[in-house]
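To keep things clear, I will list the structure first and then write my remarks on it.
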Amino acid sequence: MKLILLGTSRAWSGANSFFAWTLPQDDQITLINTLRAKNVRVIRIFLATIDSGQAGSRALAANDIERNRVGSPYTDSDMLVRVDQFIKNVDIYGGGHIKLIIALHDRYSLGCYAYKADGYVSKYGIPSASACSPPNDASKFYSNEQAKSDFVARLKYLLDHINPHFGQRWGSLNRIIFSFQTENESQGHMSIHNARWMCDINTQIRSSVNNGILLSTGGDIDYGLSLRLENFQCSALDLISLHDYSMNGDYSRGKFQEAIQLAQQYRKRVYIEEFGGKGDTQMAQALNIIGATAHQLGLPWLVWQVVPNARSGDFEFFTNDRTAWAAFEHQAYWAQMSPSPFQWPEIWS
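Counting in our numbering, the sequence shown runs from 5 upward without gaps.
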């Protein structure tokens, strides 16, 4: 007999699948149905240019709305049509059990990967890297007031976009959307950091996000940087998300405890948003160490990343990766059975 933990103060599991909205419809449906069957509650996606066959999958190429130029008129509406359809698919096949985290931009679109560089790179003279190795310096974007104004306009445009399948703005579509984040890993891999940028941007879009939808940080490249004090102190932010690919359980436990303490002090909530391993065995190891450590402390988590029909031996996995998938099933079950130090009514109510 399985004991079921009830109430909103319990953890949950999720999966990154950042380009899921570009997958063929049958792969989208397979992904959603499979995650729902394993008690997964959240899927995280990004809005960015996506390459054809991304990560060896069957992804269909897509352009960001500012791929070629910054600002209105936003010329590539195909992205919005496809994300709208993915949101509808999550509603239908998730059966009311799965919600989305949507990153409205990706730091790595700012010249770190040439194939996804967007209009901000050319407009603001951001240096580019062919494959983000070494990562480029995008500080011109984060230090320029006009760039900030352009970026806020982008975010408000997206949040005010009406999904025709629901007749609702994205910014109020709490039926399917758990949280928005202005950007994935803002200012990641940079030596110059604008401490005010994250809070300034979220303060300006706060009124565009309502109906119980939350704002989260989008993480950083490791636990330490994900725990920047200025984000906990920002009244516009609700959630602090942690990213790290360490396999060290003791180190992770210490950072999780630090995160919980800060969140309780500043009236935030915290969760692990990115972790994982390369290949079947390492992915299973990450899930069994980091996932287990997270739910021992009652922290929700999202693994990187679950993608049907992707290449093997990298950071993507699915049911054919038997060792990783078994670990994922096990930890996803125990996540929902773990009492959390935070209430999660958006997930469980």
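Here a beta-carbon is modelled for each residue, glycine too, at the ideal position from N, C-alpha and C. The model shown is predicted, which means the values in this text are computed figures rather than measured ones.
Rounded to the nearest angstrom, the gap between the Cα atoms of residue 353 and residue 30 is 29 angstroms. Using a 10 angstroms sphere on the CB of residue 304, the tally of other CB atoms reaches 16 or more, which defines it as buried. For the stretch 218-271, the full-length alpha helix (DSSP H) segments reaching 4 residues or more read 227-230, 233-236 and 253-270 along the chain. Considering only 110, 141, 38 and 58, the residue with the shortest C-alpha distance to residue 222 is 110.
Annotation for residue 230: 223, 224, 246 and 247 place their beta carbon closer than 6 angstroms to its own, counting only its chain and skipping 5 residues before and after. Taking every protein chain shown into account, the CB of residue 254 has fewer than 16 other CB atoms within 10 angstroms, so this residue is exposed.
Using a C-beta cut-off of 8 angstroms, the stretch 148-155 makes no contact with the stretch 86-106, since fewer than three inter-stretch Cβ pairs fall below that distance. Boundaries of the alpha helix (DSSP H) harbouring residue 337: 326-340, taken from the DSSP string.
For the stretch 113-159, the full-length alpha helix (DSSP H) segments reaching 4 residues or more read 123-127 and 143-147 along the chain.
Across the set 283, 331, 341 and 340, the C-alpha of 283 shows the shortest separation from the C-alpha of residue 317. In the structure shown, the three-state DSSP call for residue 171 is coil. Nearest neighbour of residue 286 by Cα position, chosen from 55, 139, 332 and 125, turns out to be 332. Residue pairing of residue 275 in beta bridges, as defined by DSSP: 245.
In this structure the stretch 327-343 touches the stretch 299-313; the number of beta carbon pairs closer than 8 angstroms is three or more.
The residue from 177, 183 and 159 with its alpha-carbon nearest to that of residue 204 is 159. Rounded to whole angstroms, the gap between the alpha carbons of residue 192 and residue 112 is 8 angstroms.
The Cβ-Cβ distance between residue 310 and residue 27 does not fall below 8 angstroms. Between the alpha carbons of residue 16 and residue 307 lies a gap of roughly 12 angstroms. With respect to residue 164, residue 211 sits apart: the two C-beta atoms are not nearer than 8 angstroms. With distances taken between CA atoms, residue 37 lies nearest to 95 out of 95, 249 and 242. Residue 209 counts as buried, since at least 16 other C-beta atoms from the protein chains shown sit within 10 angstroms of its C-beta. The way I'd put it, the stretch 167-174 doesn't touch the stretch 113-131; fewer than three beta-carbon pairs between them come closer than 8 angstroms.
With contact defined as three or more Cβ pairs closer than 8 angstroms, the stretch 141-151 and the stretch 51-58 are not in contact. Per DSSP, the continuous beta strand (DSSP E) segment holding residue 46 begins and ends at 46-50.
The three-state secondary structure of residue 206, taken from DSSP, is helix. Annotation: residue 313 to residue 328 spans about 15 angstroms, alpha carbon to alpha carbon. The C-beta of residue 119 has fewer than 16 other C-beta atoms within 10 Å across all chains shown, which makes the residue exposed.
Here residue 325 is buried, its C-beta having at least 16 other C-beta atoms within 10 Å.
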